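Trainee: This is the structure, below, for whatever I ask next.
4 protein chains.
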Amino acid sequence: MAGISFFSDMVQSITDRGRRLLAAGARSEPVQAETNIETLCDMLLSSRGEASGMALAAEVLQRWAQQDAAGQQDFVRMLHEQFGPDIAKLDKAIERYRSDRSSDAVIELHQAAEPRRQELVRRLNLAPKGTARLVEMRERLLAMKDATEPFRAVDADFAHLFGSWFNRGFLTLRPIDWSTPADILEKIIRYEAVHEIAGWEELRRRLAPADRRCFAFFHPRLADDPLIFVEVALTKAIPSAIADVLDVNRSPITAQDATTAVFYSISNCQDGLRGISFGNFLIKQVVEDLRRDLPGLKTFVTLSPVPGFAGWLARLRKATDASLDDQALKTLELLDDPSWADNPQKARVVEAVLLPLAARYFVKERATGRRPVDPVARFHLGNGARLERLNFLADRSAKAMRQSHGLMVNYLYKLDDIEANHEALAQHGEIAASPEVRKLAATASTDTSIGAPVRRRRTEMQKT
Amino acid sequence: MAGISFFSDMVQSITDRGRRLLAAGARSEPVQAETNIETLCDMLLSSRGEASGMALAAEVLQRWAQQDAAGQQDFVRMLHEQFGPDIAKLDKAIERYRSDRSSDAVIELHQAAEPRRQELVRRLNLAPKGTARLVEMRERLLAMKDATEPFRAVDADFAHLFGSWFNRGFLTLRPIDWSTPADILEKIIRYEAVHEIAGWEELRRRLAPADRRCFAFFHPRLADDPLIFVEVALTKAIPSAIADVLDVNRSPITAQDATTAVFYSISNCQDGLRGISFGNFLIKQVVEDLRRDLPGLKTFVTLSPVPGFAGWLARLRKATDASLDDQALKTLELLDDPSWADNPQKARVVEAVLLPLAARYFVKERATGRRPVDPVARFHLGNGARLERLNFLADRSAKAMRQSHGLMVNYLYKLDDIEANHEALAQHGEIAASPEVRKLAATASTDTSIGAPVRRRRTEMQKT
Amino acid sequence: MAGISFFSDMVQSITDRGRRLLAAGARSEPVQAETNIETLCDMLLSSRGEASGMALAAEVLQRWAQQDAAGQQDFVRMLHEQFGPDIAKLDKAIERYRSDRSSDAVIELHQAAEPRRQELVRRLNLAPKGTARLVEMRERLLAMKDATEPFRAVDADFAHLFGSWFNRGFLTLRPIDWSTPADILEKIIRYEAVHEIAGWEELRRRLAPADRRCFAFFHPRLADDPLIFVEVALTKAIPSAIADVLDVNRSPITAQDATTAVFYSISNCQDGLRGISFGNFLIKQVVEDLRRDLPGLKTFVTLSPVPGFAGWLARLRKATDASLDDQALKTLELLDDPSWADNPQKARVVEAVLLPLAARYFVKERATGRRPVDPVARFHLGNGARLERLNFLADRSAKAMRQSHGLMVNYLYKLDDIEANHEALAQHGEIAASPEVRKLAATASTDTSIGAPVRRRRTEMQKT
Amino acid sequence: MAGISFFSDMVQSITDRGRRLLAAGARSEPVQAETNIETLCDMLLSSRGEASGMALAAEVLQRWAQQDAAGQQDFVRMLHEQFGPDIAKLDKAIERYRSDRSSDAVIELHQAAEPRRQELVRRLNLAPKGTARLVEMRERLLAMKDATEPFRAVDADFAHLFGSWFNRGFLTLRPIDWSTPADILEKIIRYEAVHEIAGWEELRRRLAPADRRCFAFFHPRLADDPLIFVEVALTKAIPSAIADVLDVNRSPITAQDATTAVFYSISNCQDGLRGISFGNFLIKQVVEDLRRDLPGLKTFVTLSPVPGFAGWLARLRKATDASLDDQALKTLELLDDPSWADNPQKARVVEAVLLPLAARYFVKERATGRRPVDPVARFHLGNGARLERLNFLADRSAKAMRQSHGLMVNYLYKLDDIEANHEALAQHGEIAASPEVRKLAATASTDTSIGAPVRRRRTEMQKT
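Following this line, the structure appears as structure tokens:
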């Protein structure tokens, strides 16, 4: 404890001293309060950055943090305009490359084409907590939702650097349990995006019982802030409804008695790391970890939402190509009454029509590139899992009723089939599904694809 | 303990399973023993790398490790020939850039110019211990001492990635002492490059006494292998000879009584990280750390070798421009008798001539770019230190007598002057030196520069 | 993590194996389910305890845990009847001592007088989590509130052993903050006995801000269960009301700006360790720790309840010795209206009478042994603190209004005076109080002591 | 790191302040340099010990450490004379007990019979590093080899307290390997008592290879000083000679390939803890740990010295009761030539006579209490192991040739038999031995016991 605070104090001290130096420096021009953030960035990239890098980087990041939304947008534009590649150098490098095409010429070209802001970001990382601040900087950038060129260009540089820095080889898997520090648990509550955690008591129910597990990836420099985490229930059977998993009154089983590990929630934590994929690695590592720890576990399966289903179905109902017969269309009108699910009889009628359509949604529909339409399906099937079972009315929450008419599905992770499933999808667009699902899909009406590409939004980062 | 071996076993298991999958994969082509390393690299970059990245990366690294020197040279050539940029894409990107010069075009150009082996190296990093293996890979590459284009090109990619991965923001400073794990201490013995450590007893003398300190930078993924370390003696005065610091029979003082911290040895540890600079950050952090821990410390100084001095002096003596008068030349002939230093009278005569010349060597001579001639001076003066004192016959070891006629010097780190010193050197080529040294330099003969650039060799990585 | 669960699994395995052995042992009599707990205790003390100590101890503790209240009372009686000293041996040792009075005879006598259950308890400690179970065993024993001889005798043995095992030399001081594991924080919420913590949000307010600290003593074998903890507020002045300290809307100050450390809550955690004193050591260690960490802190003070005051005052009012004049008695009648404190005018009148009486309560009244009447005063004054200030209506909670009519006080810990204050009290019964308090006491009515000894209850373990 | 030194500095500061207080205390009598150690001990036991316990305890321990051997002997005598039980109280307690014999009377008697130095030692434990100093104090006491009553009495008190403090329930098992801190490894080199470790290179050979293990018990307050450790070799067969185990040139096997764990060295580390038994617990825990970690291990066995054999044989040869026939006596004369073992022919002749006698030594001879004659046999057979095999000329070191004519033996730890073996020995004096050893013993001459009790010496603490 003392050690940690000691260390961060120390780093603080270096920074403070550096900033004083900047302000009071003798022969070199003083950094006065007036010195603007652009000049500071220039200094950081210049030779002064070598002597006072930590201090300059800390100053830039602090000024940035103090700016309002407009100021932070200006900062992005400034990065774009002032810290792009050196155009003269780049033109020269292109000329050289066109004449000699040697490796040296390519290297020169690659270096000349690198925007100067990439080195700037690397130097900003020298500041204490620099990595966290930079991730936050990109989070703000993405939140600006500005798709114009300057924002796309600057984001591309962040994405490139973060892809390298947050390489899975640098991450650590850590279990999250009831003996995890509270400041990390607090973030688990905040970041959970699939099945909301209402407070500390609910968190305790998800972590403390003998048949619950949770694992997260951490980066060494974001030591108290998870990147992604998965919640796992150990059970004796594949669950068909989320209420069974989260039931407040259930009796926990011992971990030794469990045969099945259920991944019922995966949440990405850092908006600033959007597009950098951790989930695939996380699930496979956790499967291995659990197998070793608990040899009784034979089945590794998810209980996952189907966020794109209701939207697809609505489009299907409106489509004029008669891909649904009148009977089906009529039955589906029941869905328009919000209370349909409370009526067992109506529910039974809906089920008979809905499940085959859902099977078709997964197995036959395709987004661009022959990929599955559903974003969560894209993730798990892309990882090499198999669509195992459709669960009717498995989640009665308002959100799930809206997104998928309550449908949830299980994806099965069978280690020996993962690569073959993945390749079949990647090479031939084949979907891995259980015979039952496949049979259901066959009974559905003709499969004129109407699947629209799902936009990339925060939900995509919170898939199970 | 159990936790660590457990984890590495687990990672091992994922890898092994992956390799079995590779060998036995159903629909995807099996990876047989015949599959060559180039094909494996192709697979790792392809979509299969997504499903089986860790396993493929581990397989490539293991095959590489088993190859002999010739095989490893072929591997470098293969990386150069097969994993350069996609030339067609690059040409197209150039064409686009020449017509629209938008940011998007620059991004496309930058990406197209990036050799595919950079992504390959990032994916190799997925393997267990991947980072360590990749650092070793570059170490071997540098040891090939092949300056032809393929080797330069591949090395440039490693250097670029490592510069980003080993950014100081990702490193941790850790004290090294007598309670440090033996496997790390063993490496301190091996890596010490300035004043050899003869064995565990001598190591103990450098770490255990109350007036000794040692600090190292570590990367989180090379947790038991330091990147650079510095050895420090706490004293009551600036020492003028290394024998005083390392004296077996000295009586340690308490840390509280010390006024001076002497950095008497800095060693880089990883040849594979050549060119990535840690020393500057290390020294400044250690100065801050010690100041805070021991407020009695007022002076932070090195006791450093002068590896370029004897060579420079030899060239000076041979020069025909009469920059040395006959008297001086005659006196310097005494140096040609290896036992000169044992004769107090000769030593006194030599001292009177040698010291002014040494002052001139530091203060007036310049390498290209107005930088100091001496490599160690370049490091410390470039960090913003000041040349404080010249110490005649300060190191009587054979190596030091050969390199510098026994001369050592003290560089002073005064935090408040560091930035000004650095800028004066960077902007105006001014050397920071104490009045005494400056005066001595003034007495030396005229300063026709004859300093030759010192080649970059391992010694440059072991400077103090 | 893995390491820890691994280890506890391992210990579990030894135990389970041992129990199977007990059940299946070949030549030695099998331990069947019928074997009663007394026989198991006999076995544990016999030579079999050497071979199978961990297993036998675990079996005994598990059986004990499964018993109901009546069974656990029987267990205490059994310990008393069957595991007292060996009377024959004791008589023989007395005879020997009476005839030779050598040291050997004393040793023999001391050993013979030791109840055999002391060794039994030491052997029960071999079981996994044995220490925790034994502390719990004494907690249950004390909760039986049975003051008959068997219970007193068995408790005396626990108290003797725990006094040795929980010697302060074996304890570790650890800071408690918002990065402390949740399972420990959960206990802080549960154990807080002075100012209740309503939930995690309130806990966060007490731990996370820069001007809050908390410290606890831990025993190495109860690693996730604190023994005692103190909550500290860093302020710029001595607070006069608890509401100021716990105010939800206050703005935290930086720790560097604080001049005063306020110990506003100390809670003992383990009822099973009643009578073993940690608070004195805890406060002094925390004072030292904070002084070193934050040199700006000059004042170390408590904000403490006065649990005995209202009771004492009620007795005083009923006393017939005219120690209170009519005017005072009449004013004090205002206290009988529960809403008196809401009326500023009444409050002012009460204050003028109440504070001098409170000063008298502290400074002049004495319990047996010339000790202060108030239990919290006994603790802090006994530690060498000084009574610094009386705070009228400092705690408006129902509990405080009932116990002390809202009065709180500050005790000042001045390291240089602690020993003298302690000795003055211990040797001469002198109370250390500030001049202001002393003056107030002088104005109070005559001091016929009516202080009744306060019974030992749980509250005494929750003093500030 | 910082945290640790920070903490110990802090503790130091409390102590120093306390000592200044003692010297400068206002109203309480000042502790001057003249105050003798006996007075300080009195103060520590008095009420002042409550206020200034840490400081007083530190002062006493420091004064003690500065005394020479004579002074430390005086200190023991002082403890005996001045800090025995209060005789008046004891006599009173005896009187009461003789009249009422209640539990309360027994408690009073037990407390009155407790020498006051037991509480004194408990209070000395308050000092920083108190536990380590007290263990050292007893080590010195035992080294005085003074068996007179004062020394026996004081030692009995230390032994009683240490038995409680170092209860196995408070100890931690930790693996020792090549990543263990050097200051601990240094102690492994120093404490190894069975097969000397010549230096760091040899230590590395015993710890670093994949087929070597080492485990130690630690007490939380002696965190860098092991109490006992065992060295283990993982092999494919039960070894019959120590040279095979320690061979410098052997090729390590992987841990997974091993079938047998060989405990080839167990060393107690703390002379001050003599008589407190850890070895039994250590071996059993390590067996469990290894079984779990390496399921391929089926056999757990020692390779142990036989320190009492040569002495026993010499006595047997001198005995006049004709228990050895002339032929055997003549053969045994070969042993009197120190070089006998170098002559294969002589060795073969000796072997035929020696091994049956060795079998008899183990199986038929008995020390007092029907316990095995050999001290190492007493330890392992007492733990429930079985004598598995006699190894002729298994250790050719001078020490082993002198102690046992080179004989070593294997004791087998089979968990399922341990309790039965232990009980058979404890209850019926039966020795557990393999059929082979038993057969050999039957061929030996008649078994008139001549075994002399082996004295308790340091060697007994270094058994394997």
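Chains X, G, P and H, in that order, are what the protein sequence lines are. So for the first sequence, UniProt numbering puts the first residue at 1; every next one is plus one. So for the second sequence, UniProt numbering puts the first residue at 1; every next one is plus one. So for the third sequence, UniProt numbering puts the first residue at 1; every next one is plus one. So for the fourth sequence, UniProt numbering puts the first residue at 1; every next one is plus one. Don't be surprised by glycine CBs; every beta carbon is placed ideally from N, CA and C. Since this is a predicted model, take the numbers as computed values, not measurements.
#1: Am I right that P:Gly130 and H:Gly169 are in contact with their C-beta atoms under 8 Å? What's the rounded C-beta distance?
#2: Report all residues from its chain with a CB closer than 8 Å to the CB of X:Leu203; omit the five preceding and five following residues, and keep chain order.
#3: Thinking just about the alpha-carbon of each residue, which of H:Arg396, H:Gly384, H:Met54 is nearest to the one in H:Ala243?
#4: Can you look up H:Ser179 in the DSSP assignment and give me helix, strand or coil?
#5: So does the region 343-355 of chain H actually touch the region 368-378 of chain H, counting three or more Cβ pairs closer than 8 Å?
#6: What do you reckon, are the CB atoms on P:Leu227 and P:Phe263 nearer than 8 Å?
#7: For chain H, find out if any of its Cβ atoms is closer than 8 Å to the Cβ of G:Arg20; answer yes or no.
#8: Taking the C-alpha atoms as reference points, what is the distance between G:His219 and G:Glu231?
#9: What's the gap between the Cα of H:Ala444 and the Cα of H:Pro307?
#10: Between H:Ala433 and the rest of its own chain, which residues show a CB-CB distance below 6 Å, the 5 nearest in sequence each way excluded?
#11: Hey, would you say G:Thr331 sits closer than 8 Å to G:Leu297, going by beta carbons?
#12: Which chain G residues are close to X:Arg221, counting only those with a beta carbon under 9 Å from its beta carbon?
#13: At the level of alpha carbons, what is the spacing between G:Thr148 and G:Leu357?
#14: Please list the terminal residues of the continuous alpha helix (DSSP H) segment that includes P:Arg77.
#15: From G:Thr254, G:Asn383, G:Gln285, G:Asn249, pick the residue whose C-alpha is nearest to that of G:Lys236; which is it?
#16: Tell me the residue span of the beta strand (DSSP E) that contains G:Thr260.
#17: What are the partner residues of H:Thr302, as DSSP defines its beta bridges?
#18: Could you tell me the alpha carbon to alpha carbon distance between X:Glu108 and X:Phe281, rounded to whole angstroms?
#19: Could you have a look at H:Glu119 and say whether DSSP puts it in helix, strand or coil?
#20: Going straight from the alpha carbon of G:Gln66 to that of G:Val121, what length do you get?
#21: Less than 8 Å between the beta carbons of G:His422 and G:Gly384, yes or no?
#22: Give me the DSSP bridge partner(s) of P:Leu161.
#23: Name the chain G residues that come within less than 7 Å of X:Ala113, Cβ to Cβ?
#24: Can you give me the Cβ contacts of G:Gln118 inside the same chain, cut-off strictly under 8 Å, excluding the 5 residues immediately before and after it?
#25: Secondary structure at G:Thr413, three-state DSSP: helix, strand or coil?
#26: Could you tell me the distance, in whole angstroms, from the CA atom of X:Ala261 to the CA atom of X:Lys284?
#27: Among P:Leu44, P:Lys145, P:Glu136, P:Gln111, which one has its Cα closest to the Cα of P:Gln270?
#28: Can you find a C-beta in chain G that's less than 8 Å from the C-beta of X:Val201?
#29: Along chain P, which residues have their Cβ under 8 Å away from the Cβ of H:Pro85?
#30: G:Leu126 and G:Met54 look like a contact to me (Cβ under 8 Å); what is the Cβ gap, rounded to whole Å?
#31: Consult DSSP for H:Met144 and reduce its assignment to one of helix, strand or coil.
#32: Could I get the ranges of all uninterrupted alpha helix (DSSP H) runs contained in the region 338-399 of chain P, with 4 residues as the minimum, in chain order?
#33: Let's see if you can read the secondary structure: which residues bound the alpha helix (DSSP H) around G:Thr235?
Mentor: Reading from the atomic positions:
#1: 5 Å
#2: Leu185, Ile188, Ile189, Ile197
#3: H:Arg396
#4: Three-state result, H:Ser179: coil.
#5: no
#6: no
#7: Because the pLDDT of G:Arg20 is 44, which lies under 50, any placement of that residue in the model is unreliable, and the number read from its coordinates should be weighed accordingly. G:Arg20 is outside the set of residues whose beta carbon lies under 8 Å from a beta carbon in chain H.
#8: For G:His219 and G:Glu231, the distance between alpha carbons rounds to 19 Å.
#9: 20 Å
#10: Val363, Leu387
#11: no
#12: Gly169, Phe170, Pro220
#13: Between G:Thr148 and G:Leu357, the C-alpha separation is close to 39 Å.
#14: 69-82
#15: Comparing Cα positions, the closest option is G:Thr254.
#16: It spans 260-268 - the beta strand (DSSP E) in which G:Thr260 sits, taken as one unbroken run.
#17: H:Phe263
#18: 35 Å
#19: helix
#20: 18 Å
#21: yes
#22: None; P:Leu161 has no bridge partner.
#23: Val106, Leu109, His110, Ala113
#24: Asp157, His160, Leu161
#25: The sequence given here has Tyr at residue 413 of chain G, not Thr. In this structure, G:Tyr413 counts as coil in the three-state DSSP scheme.
#26: 12 Å
#27: P:Glu136
#28: Reading off the sequence shown, one finds Glu at residue 201 of chain X, where the question assumed Val. With 8 Å as the cut-off, X:Glu201 does not count as an interface residue toward chain G.
#29: Val106, His110
#30: 5 Å
#31: coil
#32: 344-363, 375-382
#33: From DSSP, G:Thr235 is part of no alpha helix (DSSP H) but of the beta strand (DSSP E) over 228-235.
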